[in-house]
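Notes follow the structure.
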Amino acid sequence: NDTNLKAGNYELSPAMNTDQIVKKMQEGKTVAPAKLVIPEGYTLDQIADRIVAYQPKLKKADVLKTMDDPEFVASMIKAYPETVTNDVLNKSIKHPLEGYLYPATYTFKGTDVSAEQIITEMVKATDVNIAKYRDELTKQKMSVHKFLTMSSIIEKEATENVDRKMIASVFYNRLAKDMRLQTDPTVLYALGEHKSKTTYKDLEVDSPYNTYKNNGLPPGPISNSGDSSMEAALYPEKSDYLYFLANTKTGKVYFSKTLEEHNKLKEEHITKNN
Numbered sequence: 156n157d158t159n160l161k162a163g164n165y166e167l168s169p170a171m172n173t174d175q176i177v178k179k180m181q182e183g184k185t186v187a188p189a190k191l192v193i194p195e196g197y198t199l200d201q202i203a204d205r206i207v208a209y210q211p212k213l214k215k216a217d218v219l220k221t222m223d224d225p226e227f228v229a230s231m232i233k234a235y236p237e238t239v240t241n242d243v244l245n246k247s248i249k250h251p252l253e254g255y256l257y258p259a260t261y262t263f264k265g266t267d268v269s270a271e272q273i274i275t276e277m278v279k280a281t282d283v284n285i286a287k288y289r290d291e292l293t294k295q296k297m298s299v300h301k302f303l304t305m306s307s308i309i310e311k312e313a314t315e316n317v318d319r320k321m322i323a324s325v326f327y328n329r330l331a332k333d334m335r336l337q338t339d340p341t342v343l344y345a346l347g348e349h350k351s352k353t354t355y356k357d358l359e360v361d362s363p364y365n366t367y368k369n370n371g372l373p374p375g376p377i378s379n380s381g382d383s384s385m386e387a388a389l390y391p392e393k394s395d396y397l398y399f400l401a402n403t404k405t406g407k408v409y410f411s412k413t414l415e416e417h418n419k420l421k422e423e424h425i426t427k428n429n
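Each number in the numbering used here comes from the position in the sequence shown (counting from 1) with 155 added on.
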């Protein structure tokens, strides 16, 4: 009876016959996936899930504990001082290494890879990958922490690559006018929730990450971010836009210069569709 096959990754060889393959899949002796894939826009919590799937010997609670461990964080500051700075030690920050674990595909040798080794490799990848931005960061007098924070917000807000630099321009324009960013992903991060919409009650959450209640950027990144968001944070479009909204059905983003214009677009593309 082949119905009691167990799902998972299996190590099979061309020499095995069908019966041997079926037997192995009934026993459920799975192997971890060969590669650890970390997508863009992932939070530490989501990354921990991926790490545990890749390395089943590890427990999620232990992986999260390692990520936040003050001694481990201090060792990252020491190992990668140009990237991980004392900015991550701000008491308002939920997780010091949030935003510092690079989205990429990782492979590790052996079956006894520790959480420390995996996380170190991800921080190292961030260090290597932002090397190309360092001169521009220095020129703009922008800290790596601020850069990764802005990149992460763009990453969570963007629906298509073409919009990212324009979205960045809206955020920088608002900061320049001392307007609150009022961006939903920061609220969801404050709540520790993954959902597509926020409620009015959500927007009231008392958190330094809530950009509806606090001016400026949140204390730190709200996820990791990929190159297109990093480039947008560093090279935003020049515009007079102060608002944008995305049509969740089509993914199209609409920009506006005034609240009146923004509300009109909202009525047209959001309210009508719901």
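We treat Cβ as the ideally placed atom computed from N, Cα and C, and that holds for glycine.
Model, not experiment: these values are computed from the prediction.
Check                                                                                                                      : Outcome
Cα-Cα separation between Ala401 and Thr353, rounded to whole angstroms                                                     : 14 Å
Those runs of the beta strand (DSSP E) which lie wholly inside the stretch 175 to 230 and span at least 3 residues         : none
Opposing strand residues paired with Phe410 [DSSP bridges]                                                                 : Phe399
Per DSSP, cross-strand counterpart(s) of Thr260                                                                            : Val192
Distance between Leu336 and Asp357 (C-alpha atoms, nearest Å)                                                              : 16 Å
Straight-line gap, Thr341 to Leu372 (C-alpha atoms, nearest Å)                                                             : 9 Å
Closest residue to Gly196 among Val299, Thr314 and Glu166 (Cα-Cα distance)                                                 : Thr314
Nearest to Lys466 (by Cα), restricted to the options Lys233, Ala216 and Ala388                                             : For residue 466 there is no data in the structure shown, the boundaries of the chain being 156 and 429.
Asn379 versus Lys264, Val207 and Gly254, residue with shortest Cα-Cα distance                                              : Gly254
Cβ neighbour criterion (16 or more within 10 Å) applied to Asp318                                                          : buried
At least three beta-carbon pairs within less than 8 Å, the stretch 175 to 184 to the stretch 231 to 241                    : no
Three CB pairs or more closer than 8 Å across the stretch 258 to 270 and the stretch 242 to 250                            : no
Residues near Leu219 by beta carbon distance below 6 Å, same chain, minus five either side                                 : Ala203
DSSP state of Asn370 mapped onto helix, strand, coil                                                                       : coil
Option in Glu423, Glu359, Tyr390 and Ile193 with minimal Cα separation from Tyr261                                         : Ile193
Cut-off 6 Å between Cβ atoms - residues of its own chain near His300, not counting five sequence neighbours on either side : Asp242
Cα-Cα separation, Met277 to Met171                                                                                         : 37 Å
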